[in-house]
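Every position in the sequence shown, counted from 1, becomes a number in our numbering once 831 is added. Glycine included, each C-beta is placed from N, C-alpha and C at the ideal position. Notes to accompany the following structure.
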Amino acid sequence: MTSDTRPLAIVTGASSGIGYELAKCCAEQGFDLLIAADQPAIHEAAQKFRALGAAVEAIAVDLATLEGVDQLYAAAKGRPVEALLANAGHGLGHAFLNQDFNTVRHMIDTNITGTIYLIQKVGKDMRTRHQGRILITGSVAGFMPGSFQAVYSGTKAFLNSFSFALRNELKDTNITVTCLMPGATETAFFARADMLDTKVGQEEKDDPADVAKAGFEAMMKGEGDVVTGWQNKLQTTMANVTPSDMLAERHRKIAEPGSGEK
Ligand SMILES: NC(=O)c1ccc[n+]([C@@H]2O[C@H](COP(=O)([O-])OP(=O)(O)OC[C@H]3O[C@@H](n4cnc5c(N)ncnc54)[C@H](OP(=O)(O)O)[C@@H]3O)[C@@H](O)[C@H]2O)c1
């Protein structure tokens, strides 16, 4: 990274989907980038962001591990991080008792452990500098018990909650914490979670560019959260007044294997 006039943003999971679009927003709006994902495809994404005028460092690391997060943090080489967009994550469909526990654990370690470890490391530096913006990709999935996606939804409930708690802890500082809560979005997420035969996997979804733009703008305004689209807004409002067993039954209808048409 050569530029020292542009602020630096770290974006995790920037190789595809919502994270790719978040990193693109950052590059277009004047940030340099330090981006990370698990697979080498992150380097192809870096080339595209360089074409937008950003200085970009890319690193392929498993953010489910503390070592991977340490490597990402070290790659900033002490340069102040103005914005941390903690977005990397993955889902996992099927009934809990049929899931492979190593994959379950990898998901928890990515979505929760690695995410909050990175936020703590970068957040401490932001506290020292009295400045910074943190965006966490939670989900509307965190508002309801997600039958046939049970652990994933739990990880997102954790992040939604954590985000508001951390925001409150930092309310007397110049560090803002924003939770981006997407609904179903057209990315590699559902294929990776083995949910392509489900209703939610097959239905029309939100555009990741629109979701990321809303998240980026909310982060820049320092807002607490952003839910995109009226249907998702309605869903989260209703979830607050609907019994949990009813929400779980509703989720079964869209996420049970074979619930899709094909
Ligand atoms: N799509 C939706 O409907 C939806 C809805 C609500 C929230 N979300 C959340 O949005 C975030 C982005 O997901 P997406 O929908 O954009 O899916 P995606 O296209 O599959 O992108 C996921 C990104 O996270 C990275 N990643 C996953 N596990 C990682 C690990 N252990 N270490 C490093 N990088 C890792 C992936 O990189 P590799 O490919 O290299 O692993 C990829 O860059 C996730 O947190 C997801 O939970 C998605």
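A straight line joining the alpha-carbon of residue 937 with that of residue 892 spans about 13 Å. Around residue 963, the same chain offers 957, 1006 as residues with beta carbons nearer than 6 Å, after the five sequence neighbours per side are excluded. Counting only runs of 3+ residues, the beta strand (DSSP E) found wholly inside the region 893 to 963 occupies 912 to 917, in chain order. Here the alpha carbon of residue 1020 sits roughly 15 Å from the alpha carbon of residue 935. A straight-line Cα-Cα distance of about 34 Å links residue 1067 and residue 904.
Judged by the Cβ position, residue 870 qualifies as a neighbour of ligand 1 at the 7 Å threshold, a heavy atom of the ligand being closer than this. Here residue 942 has 920, 986 as same chain residues with Cβ atoms under 6 Å from its own Cβ, once five neighbours each way along the sequence are excluded. In the DSSP assignment, residue 885 falls outside any alpha helix (DSSP H), carrying neither H nor E. Per DSSP, reduced to three states, the secondary structure at residue 1037 is strand. Shortest gap from the CB of residue 892 to any heavy atom of ligand 1: under 7 Å.
Annotation for residue 1012: no alpha helix (DSSP H) segment contains it, though the beta strand (DSSP E) segment containing it runs 1006 to 1012. Of the candidates 1078, 982, 1017, 982 places its Cα closest to the Cα of residue 925.
When DSSP states are grouped into helix, strand and coil, residue 891 belongs to the strand group.
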